[in-house]
Amino acid sequence: MRIERMTLRLVRLPLVAFFETSFGRVYHRAFILVTLDGDGAQGLGECVAEVDPYYSSETNVGAWHIIKDFLAPLVIGRTFADPREVFPAMARVRGHHMAKAAVEMAAWDLAARLRDVPLSRLLGGTLREIPSGVSIGIQDSLEQLAAKVRTELDAGYRRIKIKIKPGWDVSAVAMVRERFGDIPLMVDANAAYTLADAEPLAALDRFGLMMIEQPLEYDDVRDHAALQRRIATSICLDESIHSLRAAEEALALEACRIINIKPGRLGGHAQSIRVHDLCAARGIPVWHGGMLESGVGRAHNIHLASLPNFTLPGDIAASRRYFAPDLIEPGIEVSANGMVAVPTGPGIGVAVDWDRVEAATIETLAID
Ligand code: SMG
Ligand code: MG
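Okay, so the sequence shown: first residue is 4 according to our numbering, each after it adds one.
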């Protein structure tokens, strides 16, 4: 396939409800939609970099610059026999995985559409539906947290993740266990602790959590390995796993027993598949993370999460939890038993409502 043109759109959507993590509260999501035109078809990708460099060092304004000035010239006018060639074609640019992933994932969608197959087939997916979990942000009170957990369990989600930080950890988990019993429950600290907190973190052991996600620094592996030796709860790494090499190091040091895969963090689908395969070979389960994506990014996530080692429920919730309306119609739905169907149409297999995209677009740039 030959990539002839790239279009960038900076889009901003209000969130249905605020989302709070250990680094703050957000009310909006702003992201870049990338379209690639080639051979008479069009592929779509979503850049998950946020307004601020808090979850990751990338931002959407920075990603715009990187894509426009450095990545676009490396892919436009080039012919790729396979979308796996796109990430290596951008290797000259160091880092900037979220920017690269948006381009690479659009190329996968384009390739799947040109072959008239669902993206999952091209990626090597085998599952027809995937188990869905929810991520519940930090709330103003334990009462509010309880109400959210109730709503999501009633909606059918197959596991509950709650965000924690010092001061909102043991009390929140204890409340959920007391009120809701033995539900599949995990926590995500987004790097809010240090190794000096090993004792309070070990206090979570008695709650039988599925895992604790990224308790320590975003770029750390060694301290996580030390912590894993001191706590019974399985550590899952998110932020720290920014590459295949980082995943290899984390497994070699036994810094985690579970890995969260996000294609934005890893540089796209091809790199994600490599981490998935590495974990499968080592008996390490993976699950698909979320970055508050619109239906476009969410659809990509669903296709990737159809690979066989995604054995744990992912942060792939229904569109309506975040956007009303979403940029796709119909939105992503979750069944009463907490499953999401993998779209069967060509490419990402969802219908973008371009009028909604237009209305939410702040800036557009076409590059050819
Ligand atoms: O998309 O459902 C979602 C959000 C899942 O909690 C979620 N994501 O660290 O895993 C994580 C966070 C990152 C996004 S918040 C900035
Ligand atoms: Mg996380």
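C-beta: ideal position from N, C-alpha, C; glycine also.
Keep in mind it's a predicted model, so treat the numbers as computed, not measured.
Pairing Leu230 with Phe183, the inter-Cα distance amounts to about 28 Å. Under the 10 Å beta carbon count, Thr129 is surrounded by fewer than 16 other beta carbons and is classified as exposed.
Straight-line spacing of the CA atoms in Trp171 and Ala205 works out to 15 Å.
For His279, there is no enclosing beta strand (DSSP E); the residue is part of the alpha helix (DSSP H) that begins and ends at 272-285. As summarised for the stretch 155-205, the continuous beta strand (DSSP E) elements at least 3 residues long and confined to that stretch are 163-166, 188-191, given in chain order.
For Ile276, the number of other beta carbons within 10 angstroms of its own is at least 16, and it is reported as buried. In this structure, the C-beta of Asn63 stays at least 6 Å away from each heavy atom of the ligand SMG. Scanning its chain for C-beta atoms nearer than 6 Å, with the 5 sequence neighbours on each side dropped, one finds around Glu216 the residues Asp191, Cys239, Asp241, in chain order. Going by beta carbons, Asp112 and Gly350 fall inside the 7 Å limit. Put simply, of Met214, Arg32, Pro316 the residue whose alpha carbon is nearest the alpha carbon of Val337 is Pro316. Our two residues, Phe326 and Pro17, have alpha carbons roughly 7 Å apart in a direct line. Note that the stretch 300-309 touches the stretch 345-359; at least 3 beta-carbon pairs, one per stretch, sit closer than 8 Å. In the DSSP assignment, Leu36 forms a beta bridge with Arg12, Glu49.
Rounded to whole angstroms, Glu155 and Asp42 show a C-alpha spacing of 43 Å. Between Thr314 and Val14, the gap from beta carbon to beta carbon reaches 7 Å or more.
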